[in-house]
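Going by the working numbering, the letters in the sequence shown line up with residues 264 to 508, in that order. Just so it is clear, CB atoms sit at the ideal spot from N, CA and C, and this is done for glycine as well. Below is one structure; the comments refer to it alone.
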Amino acid sequence: MLAFLKNHPFAVEAFFESSLVLTYALPVSVLEPLIPPQLELDIFQDQWVFIAIAIVKTRNLRPKGFPAFMGNDFVLTGYRVFVRYTNSEGKRLRGLYILKSETDSKKMEFFGNLFTHYSYTTTDISITGEDGIVTVRSAASGLNITVNTGDEAALPAGSPFADWKEARRFAGPLPFTFTCNEHSGEVLIIEGVRENWTPVPVSVLHSEAGFLSTPALQGARLANAFIIRQIPYYWKKGKVDLWKR
Numbered sequence: 264m265l266a267f268l269k270n271h272p273f274a275v276e277a278f279f280e281s282s283l284v285l286t287y288a289l290p291v292s293v294l295e296p297l298i299p300p301q302l303e304l305d306i307f308q309d310q311w312v313f314i315a316i317a318i319v320k321t322r323n324l325r326p327k328g329f330p331a332f333m334g335n336d337f338v339l340t341g342y343r344v345f346v347r348y349t350n351s352e353g354k355r356l357r358g359l360y361i362l363k364s365e366t367d368s369k370k371m372e373f374f375g376n377l378f379t380h381y382s383y384t385t386t387d388i389s390i391t392g393e394d395g396i397v398t399v400r401s402a403a404s405g406l407n408i409t410v411n412t413g414d415e416a417a418l419p420a421g422s423p424f425a426d427w428k429e430a431r432r433f434a435g436p437l438p439f440t441f442t443c444n445e446h447s448g449e450v451l452i453i454e455g456v457r458e459n460w461t462p463v464p465v466s467v468l469h470s471e472a473g474f475l476s477t478p479a480l481q482g483a484r485l486a487n488a489f490i491i492r493q494i495p496y497y498w499k500k501g502k503v504d505l506w507k508r
């Protein structure tokens with residue numbers, strides 16, 4: 264019963280007040296050990312793969328179809344790898360594999376872990392904004408990010424992308440999120456649905472992320488940064504696919 268509940272058994276909707284996404288590039292060899300065998304890394308220029316940190320301010324998150332007043336407001340932080348999966352019908356899907364999930368609410372931690380496999384933990388994250396400057400801070404998670412949303416942003420120094428159009432492919436979120444059972448071979452596929460998703464490039468004034476300070480990830484190179492605002496969003500009920508080796 265509990266296993267079924269964790270497979271995202273119903274659709275969920277929310278309103279995204281904002282979604283700030285910073286994407287970091289790493290060599291293929293660094294991320295290969297972090298993903299399950301059912302998935303393959305989404306590789307850029309035969310050498311780069313990407314981790315995205317997404318900090319999302321949600322409003323009225325609730326089961327789809329429930330009235331908005333029954334929803335709750337949360338901050339959600341996800342650390343995700345860009346991957347691909349070939350399903351049992353031979354269709355190649357592009358999406359995300361979640362390494363870590365955080366929230367500012369014990370309630371979201373409880374229900375998130377009841378109905379998903381994302382292993383939420385509660386942290387002290389906050390998002391503030393004034394005069395085009397957005398700041399994200401969490402002492403517990405080692406997050407200290409400041410971006411300027413009003414500038415004509417340039418790509419971060421050292422980015423592997425030639426321009427923002429090229430970088431946009433790795434701005435997230437992608438349509439699918441995958442959770443894998445390495446023993447059974449099953450892959451849980453969650454599809455996200457949104458409209459008018461128009462990421463706006465931002466200038467990163469400062470970026471620290473404790474998750475990236477582990478020895479394996481210390482060489483992560485900031486590749487792009489975008490913000491999205493005022494977007495209705497929902498996740499479909501999860502679908503289980505049996506991976507063909």
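In the DSSP assignment, Trp506 falls outside any alpha helix (DSSP H), carrying neither H nor E. DSSP places Val344 inside the beta strand (DSSP E), whose first and last residues are Asn335 to Thr349.
When secondary structure is reduced to three states using DSSP, Ser422 falls in the coil class, being assigned neither helix nor strand. With fewer than 16 neighbouring CB atoms inside 10 Å of its own CB, Lys369 falls in the exposed class. Taking a C-beta distance under 9 Å as the contact criterion, Tyr348 and Phe441 qualify as a contact pair.
Assignment of Phe278 by DSSP, reduced to helix, strand and coil, places it in the strand class. Under the 10 Å beta carbon count, Glu276 is surrounded by 16 or more other beta carbons and is classified as buried. Rounded to whole angstroms, the separation of the alpha carbons of Leu475 and Ile361 is 14 Å.
For Leu485 and Ala420, the gap between their C-alpha atoms comes out near 8 Å. If you look at Leu377, you'll find it in the alpha helix (DSSP H) that goes Lys369 to Phe378.
With contact defined as three or more Cβ pairs closer than 8 Å, the stretch 289-301 and the stretch 327-336 are not in contact. For Glu295, no alpha helix (DSSP H) segment is defined, and its DSSP state is neither H nor E. When the beta-carbon positions are compared, Ala434 and Thr286 come within less than 9 Å of each other. Taking Thr379 as the centre and dropping the five residues before and after it, the same chain places the C-beta of Lys269 and His271 closer than 7 Å to its C-beta, in chain order. Between Asn407 and Asp309, the alpha-carbon positions lie close to 31 Å from each other.
Burial of Met371 is indicated by the presence of at least 16 other C-beta atoms within 10 angstroms of its C-beta.
With 16 or more neighbouring CB atoms inside 10 Å of its own CB, Ser282 falls in the buried class. For Asn444, the closest alpha carbon among the candidates Asp504, Arg357 and Glu454 is that of Asp504.
Contact between Ala315 and Arg355 does not hold, since their C-beta atoms are separated by about 20 Å, which reaches or exceeds 8 Å.
Counting along the chain, the unbroken alpha helix (DSSP H) around Glu429 starts and ends at Trp427 to Ala430. When beta bridges are read from the DSSP output, Ala317 appears opposite Val284 and Gly341.
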